[in-house]
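Trainee: For the working numbering, count along the sequence shown from 1 and bump the result up by 1.
Glycine is no exception: its CB is placed at the ideal position from the N, C-alpha and C atoms.
I'd like to ask some things about the structure below.
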Amino acid sequence: MILNLCTVDFSTLHATTAAREKVNVKMSYRPAKEVHVQVTHSMPPQTIDILKSLEGWAEKNVLTLLKPVEKCWQPQDFLPEPDSEGFYDQIKEIRERTQDLSDEYFVVLVGDMITEEAVPTYQSILNSLDGIQDKTGVSLSPWAIWTRAWTAEENRHGDLLNKYLYLSGRVDMRKIEKTIQYLIGCGMDSKFENNPYFGFIYTSFQERATFISHGNTAKLAKELGDIKLAEICGTIAADEKRHETAYVKIVEKLFEIDPDTTILAFANMMRKKVSMPAELMYDGEDYNLFNHYSAVAQRLGVYTAKDYADILEFLVRRWKVDKLTDLSGEGRRAQDFVCGLAPRFRKLVERAQERAKQAPSIRFSWIFGRELQV
Ligand SMILES: [Fe+2]
Ligand SMILES: [Fe+2]
């Protein structure tokens, strides 16, 4: 009997270990966090015709907000020239200028840079939106032209911040590179349901959020003595502002020609909460990395719950949501919900401040495992 039990135990243990290894290998290719059940293609079919009918309008009003490549800044404009005699001196200057920037500042800048570096994910998601996707990779539909050119403009952001952070010598580049690889591999839980109304409302929100956060990292860099970094963050913020203008204009147009679907989409996105693009970030160590990075951004005042409420209020005002008429009953309910949201979010500010007071310390791999209060 005892012998039998031993035999059974041994074989079960062996089988369990093998199964566990199999699961671990499988898991390493999957997002580090659980994502909600995905809804797909929820958009009413007639909205595809609406987006098609807007192509001429988009050509005149959206594509004109892109900057020709020849007039665009490039990361190299802000970085030491590798073939110049002063290359090493310029690197030394970067290291001197960044010495007064705190670990908190670097964690926030690294998190912002990683978010920018995941731009392949954002392009894939935009191309999953019904009615606006780039069907061939070289489509001449204005929506597809916009998405490719927007991605190309955005690509410079992560590139520039990445190189500057590398040259500063203040951060653990290998850990950061791992985080970028994990994040792109994990994707983004956009909750867009292939619906461009959701997508454009989200990008309006998100471009304004990045405009605010890059603007704040610029302000802080200036205060702490790195004028060059302030210029870099300010220049990136200016791009975000131009992108915000484009997306806000698109949604404004959707409100004009299809108010009911648009207000329902706005309310739907807000109910689901605007999750941040890099929410699934993981460095191989901290499963709560995004929350920890956001807490430092909140503490430093780079991007806060108050900003979230301000953006929502701004968009409600900009799209004149309270003045919409000719809505269905459901549309009117959505309108009331959206208009009443900002004050509710304001309460989040108080709660976030409360949390900040009793915050624990967390190790950040990006700054060589040093601890920060989050
Ligand atoms: Fe960006
Ligand atoms: Fe952007």
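Let me check you understand the geometry: is the CB of E232 closer than 8 Å to at least one non-hydrogen atom of ligand 1?
Mentor: Not under cutoff, so the answer is no.
Trainee: I believe A335 touches L313 by the beta-carbon criterion, under 8 Å. Please report the beta-carbon distance rounded to the nearest angstrom.
Mentor: Between L313 and A335 the Cβ distance is about 14 Å, and since that is not below 8 Å, they are no contact.
Trainee: Using 8 Å for Cβ pairs, my map puts V375 next to V297. What's the rounded Cβ distance?
Mentor: About 6 Å separates the two Cβ atoms, so the contact holds.
Trainee: Quick check on DSSP: helix, strand or coil for Q374?
Mentor: Strand at Q374.
Trainee: Give the single residue among M282, L66, K321, Q207 whose Cα lies nearest to the Cα of E35.
Mentor: Nearest option by C-alpha distance: M282.
Trainee: Looking at the structure shown, is R334 part of a helix, part of a strand, or coil, going by DSSP?
Mentor: If DSSP states are grouped into helix, strand and coil, R334 belongs with the helices.
Trainee: Hey, is the region 211-222 in contact with the region 180-197, meaning 3+ C-beta pairs nearer than 8 Å?
Mentor: Judged by Cβ distances under 8 Å, the region 211-222 makes no contact with the region 180-197, as fewer than three pairs qualify.
Trainee: What three-state label does DSSP hand I49 in the structure shown?
Mentor: Helix, per DSSP.
Trainee: Among Y248, L52, K273, whose alpha-carbon lies nearest the alpha-carbon of L66?
Mentor: It is Y248.
Trainee: Check whether the region 247-265 touches the region 204-216, counting contact only when three or more Cβ pairs, one atom from each stretch, lie closer than 8 Å.
Mentor: Flag = yes, the region 247-265 and the region 204-216 touch.
Trainee: Taking 6 Å as the limit between beta carbons, can you name the residues of its chain near R364, skipping five residues before and five after?
Mentor: So the list reads G370, E372, once near-sequence residues are dropped.
Trainee: Quick check: does the Cβ of D113 come within less than 8 Å of any heavy atom belonging to ligand 4?
Mentor: By its list of ligands, the structure shown excludes ligand 4, since it contains just ligand 1 and ligand 2.
Trainee: If distances are taken between C-alpha atoms only, which option among V252, G170, D284 comes closest to C187?
Mentor: The shortest Cα separation from C187 among V252, G170, D284 belongs to D284.
Trainee: In this structure, how does DSSP classify R300 when only helix, strand and coil are distinguished?
Mentor: Correct three-state label for R300: helix.
Trainee: Tell me which residues share the same chain as Q124 and place their Cβ nearer than 6 Å to its Cβ, disregarding the 5 neighbours each side in the sequence.
Mentor: If we look at Q124 and ignore the five residues flanking it on each side, its Cβ neighbours are T152.
Trainee: With 16 as the cutoff for other CB atoms within 10 Å, does N196 come out buried or exposed?
Mentor: Classification of N196: buried, given that the 10 Å Cβ count is 16 or more.
Trainee: Rounded to the nearest angstrom, how far is the Cβ of T99 from that of L127, given a contact under 8 Å?
Mentor: In fact, because the Cβ distance is near 34 Å, the residues do not count as touching under 8 Å.
Trainee: Nearest by alpha-carbon distance to H37: which of R300, K273, P361 is it?
Mentor: Measuring from the Cα of H37, the nearest candidate turns out to be K273.
Trainee: Determine the direct distance from the alpha carbon of S129 to that of S362, and round the result to whole angstroms.
Mentor: Their Cα atoms are separated by approximately 39 Å.
Trainee: Measuring only from the beta carbon, is I237 closer than 8 Å to any heavy atom that is part of ligand 1?
Mentor: At least one heavy atom of ligand 1 is nearer than 8 Å to the Cβ of I237, so yes.
Trainee: Assuming I233 and F79 form a contact by the criterion Cβ under 8 Å, report the distance between their Cβ atoms to the nearest whole angstrom.
Mentor: Yes, I233 and F79 are in contact; Cβ-Cβ is about 5 Å, under 8 Å.
Trainee: Are any of the Cβ atoms in chain C nearer than 9 Å to that of K61?
Mentor: Absent here is chain C; the protein component of the structure consists of one chain.
Trainee: Let's test the definition: count the other Cβ atoms within 10 Å of the Cβ of F88 and tell me whether it reaches 16, buried, or not, exposed.
Mentor: Exposed, by the Cβ-count rule.
Trainee: DSSP on I1, reduced to helix/strand/coil?
Mentor: No answer is possible for residue 1: the residues shown for the chain start at 2 and end at 375.
Trainee: Going by C-alpha to C-alpha distance, which of H293, V350, L290, K324 sits closest to D311?
Mentor: Checked all of H293, V350, L290, K324; the closest Cα to D311 is V350.
Trainee: Measure how close the beta-carbons of W58 and K254 come, nearest whole angstrom, since I'm counting them as under 8 Å.
Mentor: So it is a contact: roughly 6 Å between Cβ atoms.
Trainee: By Cβ distance below 7 Å, which residues in the same chain neighbour L328 in space, the five residues on each side in sequence not counted?
Mentor: The answer, listed in chain order, is P260, D261, I264, Q336.
Trainee: Between which two residues does the alpha helix (DSSP H) carrying I126 extend?
Mentor: 120-127 is the span of the alpha helix (DSSP H), which, as asked, contains I126.
Trainee: Within this structure, are the beta carbons of V303 and N217 separated by less than 9 Å?
Mentor: Yes; because the gap between Cβ atoms is below 9 Å, this pair is in contact.
Trainee: Using a 10 Å radius around the Cβ and a threshold of 16 neighbouring Cβ atoms, would you call P143 buried or exposed?
Mentor: Its Cβ being crowded by 16 or more others within 10 Å, P143 is buried.
Trainee: Where does the unbroken beta strand (DSSP E) through I363 begin, and where does it stop?
Mentor: Note, I363: beta strand (DSSP E), 362-365.
Trainee: By a C-beta neighbour count over all protein chains shown, 10 Å radius and 16 as the cutoff for buried, is M189 buried or exposed?
Mentor: With 16 or more Cβ atoms within 10 Å of its Cβ, M189 is classed as buried.
Trainee: Can you tell me whether G132 is buried or exposed? The criterion is at least 16 other CB atoms within 10 Å of its CB, across all chains shown.
Mentor: By the neighbour-count rule (16 or more Cβ atoms within 10 Å), G132 is buried.
Trainee: By how many angstroms is the C-alpha of E56 removed from the C-alpha of A231?
Mentor: Taking the straight line from one Cα to the other gives about 38 Å.
Trainee: Taking C-alpha atoms, which residue in Q91, R157, D90 lies nearest to A119?
Mentor: For the residues Q91, R157, D90, the minimum Cα distance to A119 belongs to R157.
Trainee: With respect to 8 Å, is the separation between the Cβ of E314 and the closest non-hydrogen atom of ligand 2 below this value?
Mentor: Not under cutoff, so the answer is no.
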